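Colleague:
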Amino acid sequence: MLHRTFPLLRIGPVRRMLFTALLVALPGWAAAAEVIVFGGTGKLGAQVVRALDAAGHDVTVFRRDASDVSRLKGLKYREAIGDATRSADVQAAFAARRYDVVVDALAKGRNQPATFYIDTQRAIIAAAQATGVKQVILHGSVGVGDSRSIYPESRWPSMQDVLEAKGVAERELIASGIPYTIIRNAVLRDDPPGVQEQAALTTDQTRFGGVTRGGLGRLTAECTLAQACLGQIFHAVDPQVTWGAR
Ligand SMILES: NC(=O)c1ccc[n+]([C@@H]2O[C@H](COP(=O)([O-])OP(=O)(O)OC[C@H]3O[C@@H](n4cnc5c(N)ncnc54)[C@H](OP(=O)(O)O)[C@@H]3O)[C@@H](O)[C@H]2O)c1
Numbered sequence: 588m589l590h591r592t593f594p595l596l597r598i599g600p601v602r603r604m605l606f607t608a609l610l611v612a613l614p615g616w617a618a619a620a621e622v623i624v625f626g627g628t629g630k631l632g633a634q635v636v637r638a639l640d641a642a643g644h645d646v647t648v649f650r651r652d653a654s655d656v657s658r659l660k661g662l663k664y665r666e667a668i669g670d671a672t673r674s675a676d677v678q679a680a681f682a683a684r685r686y687d688v689v690v691d692a693l694a695k696g697r698n699q700p701a702t703f704y705i706d707t708q709r710a711i712i713a714a715a716q717a718t719g720v721k722q723v724i725l726h727g728s729v730g731v732g733d734s735r736s737i738y739p740e741s742r743w744p745s746m747q748d749v750l751e752a753k754g755v756a757e758r759e760l761i762a763s764g765i766p767y768t769i770i771r772n773a774v775l776r777d778d779p780p781g782v783q784e785q786a787a788l789t790t791d792q793t794r795f796g797g798v799t800r801g802g803l804g805r806l807t808a809e810c811t812l813a814q815a816c817l818g819q820i821f822h823a824v825d826p827q828v829t830w831g832a833r
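Note that this note's numbering numbers the sequence shown so that position 217 is 804, with each residue one more than the last.
1) Which of the three DSSP states is assigned to V635 in this structure?
2) Using the C-alpha atoms, what's the distance from Y686 back to V648?
3) From A642 to V723, what does the alpha carbon distance come to, in whole angstroms?
4) Taking contact to mean at least 3 C-beta pairs separated by less than 8 angstroms, is the segment 781–788 in contact with the segment 732–744?
5) For I770, which residues in the same chain have their Cβ closer than 6 angstroms to its Cβ, ignoring the five residues on either side in sequence?
6) Could you say if the segment 801–808 and the segment 751–760 meet the contact criterion of at least three C-beta pairs nearer than 8 angstroms?
7) What are the start and end residues of the alpha helix (DSSP H) that includes A679?
8) So, helix, strand or coil for L659, using DSSP?
9) Quick one: is L817 buried, meaning 16 or more other Cβ sit within 10 Å of its Cβ, or exposed?
10) Mapping the DSSP letters down to three states, classify A714 as helix, strand or coil.
11) Provide the residue(s) that pair with R735 in DSSP beta bridges, ordered along the chain.
12) What do you get for G661, buried or exposed, if any count of 16 or more other CB atoms within 10 angstroms of its CB means buried?
13) Just the C-alpha distance for D670 and R800, rounded to the nearest angstrom, thanks.
14) Output the distance between the C-alpha atoms of K630 and L693, rounded to the nearest integer angstrom.
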């Protein structure tokens, strides 16, 4: 099987910043996008919002009324209030503003059923289809689809419901016809202070490894309306992140 890595996503931080600034500065080539982030108050979602904000995009965070917004302190973003499991709330958010891109970084709470991932993705797909969204970026998990074969058997019983539900969500997004980017990760870690992340995307669905939330945030911003990311299922891996490390 042919696997691709993405050179733009592997350049150093300074050149990457210059490149991103150039893309945002060039009118008509890569203009700032209107992006709505589901799960934007979460550990991964807040890093996505940070990276989108830094890249000059207009960001809306879809959040529950009672969400803790402390991770978003100092960032520029709008808000859409609602519950992602209620399709009427999701529809209302898309009726209030036009979005180019949707990022789904939702994770279910302890007491929510695994079908959370199906219900929320269905609500997002319906609203995105109705309003001409140009890209849905779905944060998924290794263990879904072709990557089931590399998922550790010891973890499967406790994760089966979630991974199967995430599989349904992925398949429904792909079948929807909306341009999509699926970014799976196997192990998510917070960024250790003083360590420059080296996260990269690969289409090799046998790659199992860890990635930091900061790295995943950056990769999400780099994939926003990027032609090379459309219609792709990626695994995100940072070779520095080891399995057991917290
Ligand atoms: N942790 C790992 O090692 C790991 C590994 C593989 C994949 N992942 C995946 O990575 C993704 C993000 O993980 P994370 O660690 O960032 O999760 P997290 O910190 O728990 O964030 C979850 C987000 O989802 C939001 N949310 C939950 N229920 C909602 C609802 N009904 N309506 C609106 N928003 C709702 C939360 O909002 P509130 O602020 O209101 O709670 C929060 O913003 C998930 O898809 C997860 O499955 C994680």
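Note that CB positions come from ideal geometry on N, CA and C, so glycine has one too. Nothing here was measured: the structure is a model prediction, and the numbers come from that model.
Modeller: On the basis of the supplied data:
1) V635 falls in the helix class under three-state DSSP.
2) Straight-line Cα distance between these residues: approximately 12 angstroms.
3) Computed Cα separation, rounded: 18 angstroms.
4) Touching, no.
5) Cβ within range, chain order: H726, F821 and A823.
6) Put simply, the segment 801–808 does not touch the segment 751–760. Fewer than three CB pairs are less than 8 angstroms apart.
7) Start and end: S674 to A683.
8) DSSP places L659 in helix when its eight states are reduced to three.
9) With fewer than 16 Cβ atoms within 10 Å of its Cβ, L817 is classed as exposed.
10) In the structure shown, A714 sits in a helix (DSSP, three-state: H, G or I).
11) Checking the DSSP bridge columns, you'll see R735 has no partner listed.
12) With a 10 Å radius around the Cβ and a threshold of 16 neighbouring Cβ atoms, G661 comes out exposed.
13) Using only the alpha carbons, I get a separation of about 23 angstroms.
14) Approximately 10 angstroms between the Cα atoms of the pair.
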